[in-house]
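Here the structure is laid out as C-alpha cells; the discussion comes afterwards.
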C-alpha cells in the first residue's frame, strides 16, 4: 500500500528554519529556544541527542512540525535515513530537510516496522530512483506519499519492528561502550606518558 493512501497516516513537511529563527542582527525578540532534529542526528533508526541543534525562535512552530512519540522522521536527501521517535525524542523541531510520517494507532502500518523497512538498502534504492537524473537528489513529500510499503500483517510488522528497534538499541549501547573504552585507554596512555616525561 502507498503511505499516502493508508488511513490514519499523515505526511508533513519540515519547518524552513529561516522563517521562524530569531536573528540577533535584526533585533528579533526570542520567543523560545528549541532543539532541532538536524539530519546528522538521525542514525541507526534512532535520534542521536548529542548531534541535535538548537534554534532561537521568534515565533511558534506548527505542531505538525514538532516530533511526537511514534512519529517516523525521514531524511529527504541521501542516504534517506529514517528514525523512530521515542518519548525522549518528543518536542524536536523537524527542519525542511526531513519530513514527519505521523501514524495513528489504528493504521495498518506499524511505525517501527516502517523505520526498519525504510532503512533497508532495497527501500533506499527505490527512493533514490525517484530522483534519478535530478541535479538536486532530494525526494519530495509527494514521493514519500507515493512510496509503496509491503502488504504484511500488522502482527508480523510489529514483531519485525520490535526486533529492529532492539537491534538499534544494542548498536547504540555498544557504540557508547566502545567510545568509553577508547577514552579510558587514552587517559591511561596519557598518564603513563606524563609520568615518563616527569621522570626524564
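Numbering (UniProt numbering), first residue to last: 1 to 200.
All C-beta atoms in this analysis are idealised placements derived from N, C-alpha and C, irrespective of residue type, glycine included.
From a predicted model like this one, the values you see are computed outputs, not experimental measurements.
When the five nearest sequence neighbours on each side are left out, the beta carbons in the same chain lying within less than 7 Å of the beta carbon of residue 89 are those of 47 and 67, in order along the chain. About 7 Å separates the CB atoms of residue 52 and residue 37; that is less than 8 Å, so the two are in contact. Between residue 112 and residue 172, the CB-CB gap reaches or exceeds 8 Å. DSSP places residue 75 in the uninterrupted beta strand (DSSP E) bounded by 72 to 75.
Residue state for residue 39 is assigned as helix, using DSSP reduced to three classes. Residue pairing for residue 95: DSSP places it in a beta bridge opposite 15. DSSP places residue 57 within a strand segment (E or B) once states are collapsed to three. A direct Cα-to-Cα measurement between residue 59 and residue 197 gives close to 56 Å. The Cβ atoms of residue 76 and residue 138 lie closer than 8 Å to each other.
Apart from sequence neighbours up to five positions away, the residues of its chain that approach residue 87 with a beta-carbon distance below 7 Å are 69, ordered along the chain. Contact between the region 115 to 124 and the region 92 to 100 is absent: fewer than 3 CB-CB pairs across the two stretches fall below 8 Å. In the DSSP annotation of this structure, the continuous segment of the alpha helix (DSSP H) that includes residue 122 starts and ends at 121 to 129.
Spatial neighbours of residue 104 in its own chain (CB-CB distance under 6 Å, excluding positions within 5 residues in sequence) are listed in chain order as 8.
Secondary structure note for residue 80: it is in no alpha helix (DSSP H), with a DSSP letter that is neither H nor E. Look at residue 10 here: in three-state DSSP terms it is strand. If the five residues before and after residue 162 are omitted, its C-beta is found closer than 7 Å to the C-beta atoms of 112, all from its own chain and listed in chain order. Within the same chain, Cβ atoms closer than 7 Å to the Cβ of residue 40 are found at 51, the five residues on either side in sequence being excluded. Here the alpha carbons of residue 54 and residue 152 stand approximately 39 Å from one another. Excluding the 5 residues flanking it on each side, residue 169 has same chain C-beta neighbours closer than 8 Å at 46, in chain order.
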